[in-house]
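Mapping to UniProt numbering: the sequence shown position 163 is 163, numbers consecutive.
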Amino acid sequence: MTQPSPEYTAQLQQKAGYLKQRFAEFSPPEWQVFASPEKHYRMRTEFRVWHDGDSISYAMFEPGQKAGSASLCRIDSLPAASAAINALMPRLLAAVQADPLLRERWYQCEFLSTLSGDMLVGMIYHKQLCGQWQAAAARLQRELGIMIIGRSRGQKLVLAQDFVTERLHADGRDWLYRQYEGGFSQPNALVCQKMLDWACGAAAGLGGDLLELYCGNGNFTLPLARYFRRVLATELSKTSVQAAQWNIEANGAANIRLARLSAEEFTQAYHGVRTFRRLQEQGIELADYAFSTVFVDPPRAGIDDATLRLLQNFDNIIYVSCNPETLHANLATLMQTHRIERAALFDQFPFTPHIESGVLLRRR
């Protein structure tokens, strides 16, 4: 294994030091720190396309000196992006450069790669895409061994499929995940595997039933389900629900039920404030569950007050956060009833201020 550079070690220590200081008032145990590769860790990325006459190149916005300003800079490679993306970038550019139909008014390019070898490329245009474009793009797809989606205003052309199938190794086995174009998936797959292992370690021995809010495509749901009798997972996004349903079936996770509800809606259903046809249609009776644990991986805005009060009803809370500031704010409430038993830092985005973290809370 390659030894981390002094620069990477320093930035990781700085992040760990920040978490230790920021959460000191809650007296957490020592933070576990999970490092990332320094390069080729991003499984998805997007570029603008720079046109200079008949010549094209990739470009990205770089922050400017003034607050809120940015400039568009040409690039040939992106060290943060996966090795597969970097290998494909020049081949795709050269092929499109040679075909005026594919090159004309090509505006943006989006790559979604996987550890499993699948690659999906979204080509976005400032023109309507005709049958001739579709035929040329199909040839390009075959030539490069990738999957292509064409987009323009009000138009989406799927040449083969609009998803990739990822294979992640966690908790001693492989898990299959369908990831849709435009849907959310963890961008750093290698660190994601470490996050799944940590979450399973936190869940070991808790037993009972698991409630998961904000389940997405079932990223955490699948391996966590092995540690509970039954799992009820909720998610509002139709795209994520579609992916999660496929993932549950493909991985043979028979003890998981999925409800298309927001966290706020589930809170209302749990307290009997509202009834939801979506639960009735799926034959889900909340009274049938004996929840010991709730798992949450909320958006950057954190958890609303009503849902926080709901979480306080559970003996165990596993909370994965992409924003330490909203995690800190939420813990100010949750620590009234719980204590931190485990805490972890996951370095999803090296050399950036972004910090992903996780805590296991147990009732006092």
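C-beta: ideal position from N, C-alpha, C; glycine also.
Only a predicted model underlies this, so the values are computations on that prediction, with no experimental measurement involved.
Please tell me whether residue i and residue j are closer than 9 Å, where the distance is taken between their beta carbons.
i: P37; j: P353; result: no
i: R42; j: A81; result: yes
i: R48; j: A59; result: yes
i: D209; j: L224; result: no
i: I355; j: D347; result: yes
i: L222; j: V241; result: no
i: R229; j: N255; result: yes
i: P298; j: T326; result: yes
i: residue 419; j: Y177; result: It is not possible to answer for residue 419, since the shown part of the chain is limited to 1 through 364.
i: I148; j: A135; result: no
i: G182; j: T239; result: yes
i: W50; j: R22; result: no
Thinking C-alpha only, which one of the options is nearest residue i?
i: M123; options: N188, S113, L102 and G154; result: L102
i: F26; options: E356, R260, D347 and N330; result: N330
i: A290; options: G283, G252 and L206; result: L206
i: K39; options: I318, E104 and A84; result: A84
i: Y214; options: N188, L261, K127 and A343; result: L261
i: L196; options: F23, Q13 and V359; result: V359
i: I284; options: F266, V296 and N323; result: F266
i: G216; options: S357, R139, F295 and H169; result: F295
i: T307; options: A170, Q268, W50 and R173; result: Q268
i: R105; options: G182, S71 and R151; result: R151
i: S292; options: I317, I303, A24 and L286; result: I317
i: T234; options: T9, E212, V191 and A24; result: E212
i: V158; options: R173, V121, P187 and Y177; result: V121
i: F61; options: S71, G53 and D52; result: S71
i: Q312; options: Q32, T337, I148 and F111; result: T337
i: L236; options: A203, F184 and G117; result: F184
So that I know if they touch, is there some Cβ in chain D lying closer than 9 Å to that of residue i?
i: F314; result: Of the chains in the structure shown, none is chain D; there is only one protein chain.
Pick helix, strand or coil for residue i, following the three-state DSSP scheme.
i: L279; result: helix
i: residue 367; result: The displayed coordinates of the chain run from 1 to 364. Any statement about residue 367 would go beyond what the structure contains.
i: A24; result: helix
i: R257; result: strand
i: R151; result: strand
i: S77; result: coil
i: K156; result: strand
i: S240; result: helix
i: P324; result: helix
Would you give the residue range spanned by the alpha helix (DSSP H) that residue i belongs to?
i: F266; result: A263 to Y270
i: C200; result: A189 to A203
i: E143; result: G131 to L144
i: V33; result: Not the alpha helix (DSSP H): V33 falls in the beta strand (DSSP E), residues Q32 to F34.
i: V96; result: A83 to Q97
i: D209; result: Careful: D209 lies outside any alpha helix (DSSP H), inside the beta strand (DSSP E) at D209 to L213.
i: L102; result: P100 to R103
Under 8 Å by Cβ, that's how I've got residue i and residue j pegged, so tell me the actual separation to the nearest angstrom.
i: W175; j: A344; result: Not really, about 20 Å apart at Cβ, beyond 8 Å.
i: C200; j: D162; result: With a Cβ gap of about 30 Å, C200 and D162 do not count as contacting.
What span of residues does the beta strand (DSSP E) with residue i cover, start to end?
i: I317; result: N316 to S321
i: R274; result: Unbroken run through R274: none, as it is neither H nor E.
i: P298; result: Looking at the DSSP string, P298 is not in any beta strand (DSSP E), and its letter there is neither H nor E.
i: P63; result: S55 to P63
i: D174; result: R173 to Y180
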